[in-house]
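Enquirer: Here it is, the structure, as structure tokens.
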Amino acid sequence: MNDLESYFVNNSGRQIFKWHHYFEIYDRHFKRFRGKEIVVVEIGVFQGGSLQMWKNYFGSAAKIYGIDINPRVEELREENIDIIIGSQSDKNFLRKLKNELPPIDILIDDGGHKMKQQIFTFQELFSKVKPNGVYVCEDLATSYHLGYGGGYKRRGTFIEFSKNLIDKLNAFHSEQKSFQVNQLTTSIDSLHYYDNVLVIEKRLRDKPIATKTGVPVLGDDTTFPTKGFAYDVLYFVNKILQFLRLPSFKLNK
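The sequence shown: position 72 = 975 (the numbering used here), numbered continuously.
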């Protein structure tokens, strides 16, 4: 049991509502920030217990911001915990928030869990998270709940939206003009999908390189097709198949 889970289990202060398996995820991605001067933003305050949990976990050097639509949570403001009132459904509020907040080390979206809320929050605030920071979207289960605008393979859910980030992560390898490197490609280091949670680790990235070392004892073979006539044919055939939405074709060696 890590320190976060221990705090949760023994909590007698303000109420906290969390899935139990979240604590291992938190500790895995957050422990490197403990004891440092960091900025933590949690969207969705509930009863304020998790804000106090973060304060206890990260230490007195951490500045914690809680964002919520309920004006009553302003009562929960205390030393190193600030409260900002507003709706994550409102892009104008999110843009204002982005301008007012300092650069963020950790952002946790535990807000309303509706599709537009999760998508808008990512679109407006992900760039505010520092390089080497962490972006967390919790309770992805709502992407499968009709009452939240979800549904399996349904267009417009946060799950389907986030799957596009896998492509963005790998855009350095694209050969198509319609799919090129952008700011997401150069700022996302890794995507970690867990049950009900997506954790995005940020890091500034350059185009990856691959080299060979050692001596080729079986001949100078290569895993990838070399440039030339056969490669050009394969490329042309697969371009047509892609347009027709058909499976790809591979030439036999």
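Backbone N, C-alpha and C fix where the C-beta goes; we use that ideal spot for every residue, glycine too.
Go to residue 1010, then tell me how far its beta strand (DSSP E) extends in each direction, as first and last residue.
Expert: Here the beta strand (DSSP E) through residue 1010 covers 1007-1012.
Enquirer: Is residue 912 close to chain C, meaning its C-beta is less than 9 Å from at least one C-beta of that chain?
Expert: Although the question refers to chain C, the structure presented lacks it and comprises just one protein chain.
Enquirer: Which runs of the beta strand (DSSP E) at least 3 residues long sit entirely within the stretch 953-1023? Give them in chain order.
Expert: List check, beta strand (DSSP E) in window: 966-971, 984-988, 1007-1012.
Enquirer: Around the C-beta of residue 1173, are 16 or more other C-beta atoms found within 10 angstroms, so that it is buried, or is it exposed?
Expert: The structure shown does not extend to residue 1173, since the chain is modelled only from 904 to 1156, so the question has no answer here.
Enquirer: Do three or more CB pairs link the stretch 1104-1117 to the stretch 1129-1149 at distances below 8 Å?
Expert: Fewer than three pairs of CB atoms, one per stretch, sit closer than 8 Å, so the stretch 1104-1117 makes no contact with the stretch 1129-1149.
Enquirer: Going by beta-carbon coordinates alone, are residue 924 and residue 1099 separated by less than 9 Å?
Expert: Contact: yes.
Enquirer: Measure from the alpha carbon of residue 992 to the alpha carbon of each residue in 946, 968, 1030, then state which is nearest.
Expert: 946
Enquirer: Should residue 1076 be labelled buried (16 or more other beta-carbon atoms within 10 Å of its own) or exposed?
Expert: exposed
Enquirer: How far does the beta strand (DSSP E) with residue 1039 in it extend, from its first residue to its last?
Expert: 1032-1041
Enquirer: Report, in whole angstroms, the separation of the C-beta atoms of residue 879 and residue 1046, which I expect to be a contact under 8 Å.
Expert: Coverage of the chain is limited to positions 904 through 1156, which leaves residue 879 absent and any answer about it impossible.
Enquirer: From the DSSP output, read off the bridge partner residues of residue 1093.
Expert: 1104
Enquirer: How big is the Cα-Cα spacing for residue 1033 and residue 1009?
Expert: 8 Å
Enquirer: Assuming residue 911 and residue 956 make a contact with CB atoms under 8 Å, what is their CB distance in whole Å?
Expert: 7 Å
Enquirer: Residue 1013 to residue 1044, Cα distance in whole Å?
Expert: 12 Å
Enquirer: Could you check how far apart the C-beta atoms of residue 1004 and residue 948 are, in whole angstroms? I think they sit under 8 Å.
Expert: Not really, about 15 Å apart at Cβ, beyond 8 Å.
Enquirer: Of the residues 908, 922, 979, 904, which one's Cα is nearest the Cα of residue 1042?
Expert: 922
Enquirer: Hey, how far is the Cα of residue 1144 from the Cα of residue 1078?
Expert: 15 Å
Enquirer: Whose CA, out of 1095, 1073, 1085, lies closest to the CA of residue 1112?
Expert: 1073
Enquirer: Short check: CB of residue 970 to CB of residue 984, under 9 Å?
Expert: no
Enquirer: Mind checking which residues open and close the beta strand (DSSP E) that includes residue 919?
Expert: Premise fails: residue 919 is in no beta strand (DSSP E) and is neither H nor E.
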